[in-house]
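Peer 1: Numbering (our numbering), first residue to last: 12 to 242. Glycine included, every Cβ here is placed at the ideal spot set by N, Cα and C. Just so we're clear, the structure is a prediction, and the values are computed from it rather than from any experiment.
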Amino acid sequence: MQEFMLFSQISPIRHDQVLQELAGVTAMQPVPICVQTLYYEQLRAEEAASQKKQPHNGSQKARQVQKLFRHIVNGEGQPWTVRTEDVPQAGVKDMISRPVDESAATHADLEKFREGGSWYKYITQSILLGHRFVHNNLVIRIARILTVPEGTGALEPLDAPLPNLDECRLLDMSGAYLCEVSVRVADPNNSMVTDAAKKELMEFKAIMDGAVDLKVPGNRLSMDPRAKNAS
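#1: Of all the alpha helix (DSSP H) runs that stay within the bounds of the region 96-136, which reach a length of 4 or more residues?
#2: Which residues does DSSP list as the beta-bridge partners of ALA154?
#3: Taking the beta carbon of GLN31 as the centre, do at least 16 other beta carbons fall within 10 Å, making it buried, or is it exposed?
#4: Nearest to LEU17 by alpha carbon, out of TYR133, LEU173, ASP170, LYS104?
#5: What residue from PHE80, LEU139, ASP170 has the CA that sits closest to LEU182's CA?
#6: Work out the CA separation of SER137 and ASN147 for me, nearest whole Å.
#7: Quick one: give me the first and last residue of the alpha helix (DSSP H) that LEU33 is part of.
#8: Among residues of its own chain, excluding the 5 on either side of ALA115, which ones have a beta-carbon nearer than 7 Å to its beta-carbon?
#9: From ASN175 to LYS78, what distance separates their C-alpha atoms?
#10: From SER108 to ALA119, what distance separates their C-alpha atoms?
#11: Under DSSP, the alpha helix (DSSP H) around MET213 begins and ends at which residues?
Here is the structure:
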């Protein structure tokens with residue numbers, strides 16, 4: 012699966028205004044979201060059969076960082092999803108383009124992520140708190156990233172209680188919101204569908220010009236999912 016993305020930063024003072032503008036463009040009210048993400052360093056490669064479904068850029072020098080995420084609804088954690096991301100493709104200047112894979116985590120998957128195993132090592136976790144819109148094939152998220160209190164999930168993150176949001180802190184202390192607009196294509200080899208997805212993303216960028224400055228992050232390496240860049 013291929014994912015195309017654009018980003019922007021929204022100041023706290025403009026947050027409500029941007030939500031209203033997006034509600035008008037998308038013809039829907041903002042949907043609250045709360046997403047817990049656990050980050051793991053991959054200690055060993057999957058077997059060949061499983062490796063086929065994972066993004067791969069040919070570099071084995073740095074270990075991948077795998078993500079487990081779940082939505083929190085009404086204070087209850089929903090089922091986990093495994094997410095694998097590759098490095099953004101070079102040569103694509105007007106948007107982020109990268110292979111990704113998401114799949115519902117099975118019991119066998121979760122066992123590999125448990126502490127003491129030989130597959131993954133827990134690094135940290137975060138909470139994404141904000142709102143989501145859907146516009147045709149685009150998903151728009153306006154949210155802030157929260158860091159959890161030190162020691163959260165230290166023994167076994169998968170069994171730990173949900174973090175208390177009142178005890179979490181903003182990753183960006185300025186209070187700014189991250190605006191993320193994404194569209195996915197199941198078969199990146201289908202040029203017709205891929206071109207249509209890119210066009211839809213760029214047309215949305217044009218619609219939002221003057222209200223939200225959607226662009227590619229200045230440092231693409233910050234999106235490198237390999238362990239040497241995880242911090």
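Peer 2: In short, the structure shows the following:
#1: Runs found: 118-124.
#2: Residue pairing by DSSP places ALA154 opposite GLY141, LEU189 in a beta bridge.
#3: When all chains shown are included, GLN31 counts as exposed.
#4: Closest by alpha carbon: LYS104.
#5: Its Cα nearest to that of LEU182, the residue LEU139 stands out among PHE80, LEU139, ASP170.
#6: ASN147 and SER137 have their alpha carbons spaced roughly 29 Å apart.
#7: From DSSP, the alpha helix (DSSP H) with LEU33 extends over 26-37.
#8: Closer than 7 Å at Cβ, skipping near neighbours: PRO90, THR92.
#9: So the two alpha carbons sit approximately 21 Å from each other.
#10: Distance between the alpha carbons of SER108 and ALA119 is about 30 Å.
#11: Counting along the chain, the alpha helix (DSSP H) containing MET213 begins and ends at 202-219.
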